[in-house]
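Here the structure is laid out as structure tokens; the discussion comes afterwards.
Protein chains in written order, with my numbering: chain A, 18 to 290; chain B, 18 to 290.
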């Protein structure tokens, strides 16, 4: 199996660019995948599950204003093709929180290593507890319960909180953001202590929620955001369909936009199962 | 292995929602992956290659104007966190062309089926020919040569044109768009006849180029765009690192943004090798 560029690289190397290039080309062919990031272990899958909500101006946001506005520049009948411009918040819809979102010098979205974006997925089901208490905080006990059933959290994984909130976008949208008459949000999130435990005791690359925020609704200090993102790790918010993937064993693909200086951005999130 | 949502679904089914739900929950647990899209055959991989260029206001575009503008709304020292808004063209940087881009009723980006976004990748190396002729059109002969070496194009694959143009963004950016003194672009593309052959004789889901356009630079009629997209298939433009993946055997992940009504959009493109 020859790399697509291999033939050309060898040709160039032995014709006009001399021996240094030839040596490089030989290495290129020998390694099999130049520029690729090797995973710790081979992955395999037979199914793909889309963990992404459809983004639109109607998608719930923190400030209640549209997270995207679309402006048509070209229309096919008039111009021969269709094209919109978007005005888009980096933190709306199913999206990435890059470390820089809550830190002064953390990684921007474009700087996240590719092996941090294709990682084992651990889904912690707190849906029953969240149904009893909309402000429920995923705790160390929930992580311990997950490990008692599934073994130790995989190295470099993403830990996703499944609260069942994603389904509310269809069944009860007002409850998704859950604003009360005082303007306080009500939805579950990660307890800061659970985030600290994952940082200290396990090797977790990212955390994901099926709600508007890594912190729970009433949080005013965004302590989980601050701890987690400032430690160089990433988050995903408004993730969909977490009830449709196994608690353990899937591979998460974080299709985050690669935009220079970005603090996050609208992301295609897939699970390979 | 229990699905994350399974426990809750069973509990709800047998408590307050009765037998119909219970039957659904049983099916849910039995199928293993509810809502997933089964692939034709299991896939496995050990490496991930990023096929995405970093997007910035400097990234070359068709009209020479920035494809993205970023506007800071929040700054961490002042507001406690960082956040930008983007003004973003749907067709700049490494991006998707959805069928609706060149058709009246084709699928928008959000409507592409997930099994069309995780597909076998076939890379056709025309770099040597493109070096001799910047306007080179990938032909049926190039596809026949690929098949003589690698076997029949895999069902539902993406056929990617590797011209070596992606590397010009580092070495010779002016040549990437290749505008001459008359304003005509010069870069390679897919011949419309090759696109027609793939539509008629093979089952190809999408095509990808490491240049600004599916059609070659001098094209004025965008015939490949029109044929291909209007047939319900998708395209990817400004793809990176196609010289770093094998000609056959990789799996392409098209991390296209899921935006209602979108004609395309900035996309994270990965190869699983």
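Idealized CB from N, CA, C, for every residue including glycine.
These numbers were taken from a predicted model, which means no experiment stands behind them.
Helix, strand or coil at residue i [DSSP, three-state]
i: residue 112 of chain B; result: strand
i: residue 147 of chain A; result: helix
i: residue 101 of chain A; result: strand
i: residue 273 of chain A; result: coil
i: residue 187 of chain B; result: helix
i: residue 206 of chain B; result: strand
i: residue 61 of chain B; result: strand
i: residue 286 of chain B; result: strand
i: residue 278 of chain B; result: coil
i: residue 67 of chain A; result: strand
i: residue 259 of chain B; result: helix
i: residue 47 of chain B; result: Its pLDDT being 32, under 50, residue 47 of chain B is placed unreliably by the model, and the measurement read from it follows with that caveat. Correct three-state label for residue 47 of chain B: helix.
Beta-bridge pairing of residue i - partner residues as DSSP gives them
i: residue 179 of chain B; result: B/142
i: residue 135 of chain A; result: A/270
i: residue 55 of chain A; result: B/64
i: residue 72 of chain B; result: A/276
i: residue 154 of chain A; result: A/206
First and last residue of the uninterrupted alpha helix (DSSP H) at residue i
i: residue 281 of chain B; result: Segment 281-283 is the beta strand (DSSP E) holding residue 281 of chain B; no alpha helix (DSSP H) there.
i: residue 253 of chain A; result: Unbroken run through residue 253 of chain A is the beta strand (DSSP E), 251-254; no alpha helix (DSSP H).
i: residue 167 of chain B; result: 157-167
i: residue 125 of chain B; result: Where residue 125 of chain B is concerned, there is no enclosing alpha helix (DSSP H), given that its DSSP letter is neither H nor E.
i: residue 244 of chain B; result: 240-247
Reference residue i; option with closest CA among the options
i: residue 73 of chain B; options: A/282, A/284 and A/278; result: A/278
i: residue 114 of chain A; options: A/105, A/122, A/126 and A/121; result: A/126
i: residue 263 of chain A; options: A/248, A/186 and A/139; result: A/139
i: residue 378 of chain A; options: A/272, A/180, A/66 and A/212; result: Beyond the ends of chain A as shown, which are 18 and 290, falls residue 378 of chain A; an answer cannot be given.
i: residue 171 of chain B; options: B/121, B/220 and B/184; result: B/220
i: residue 60 of chain B; options: B/136, B/234, B/119 and B/85; result: B/136
i: residue 97 of chain B; options: A/106, A/206 and A/119; result: A/119
i: residue 257 of chain B; options: B/66, B/58, B/54 and B/62; result: B/66
i: residue 142 of chain B; options: B/106, B/177 and B/55; result: B/177
i: residue 210 of chain A; options: A/225, A/232 and A/226; result: A/232
i: residue 174 of chain A; options: A/268, A/77, A/75 and A/284; result: A/268
i: residue 106 of chain A; options: A/196, A/133 and A/76; result: A/76
i: residue 185 of chain A; options: A/164, A/123 and A/147; result: A/147
i: residue 197 of chain A; options: A/110, A/152, A/90 and A/288; result: A/152
i: residue 240 of chain B; options: B/206, B/183, B/64 and B/254; result: B/206
i: residue 93 of chain A; options: B/282, B/95 and B/122; result: B/122
i: residue 154 of chain A; options: A/230, A/255 and A/273; result: A/230
i: residue 131 of chain A; options: A/261, A/223, A/111 and A/168; result: A/223
i: residue 218 of chain A; options: A/64, A/251 and A/164; result: A/164
i: residue 254 of chain B; options: B/87, B/78 and B/62; result: B/78
i: residue 187 of chain B; options: B/63, B/71 and B/56; result: B/71
Residue interval of the beta strand (DSSP E) (run including residue i)
i: residue 87 of chain B; result: 85-91
i: residue 107 of chain A; result: Taken as a continuous stretch (DSSP letters only), residue 107 of chain A belongs to no beta strand (DSSP E), as it is neither H nor E.
i: residue 225 of chain A; result: 221-226
8 Å Cβ cutoff, residue i in contact with chain C
i: residue 202 of chain A; result: The structure shown contains no chain C; its protein chains are A and B.
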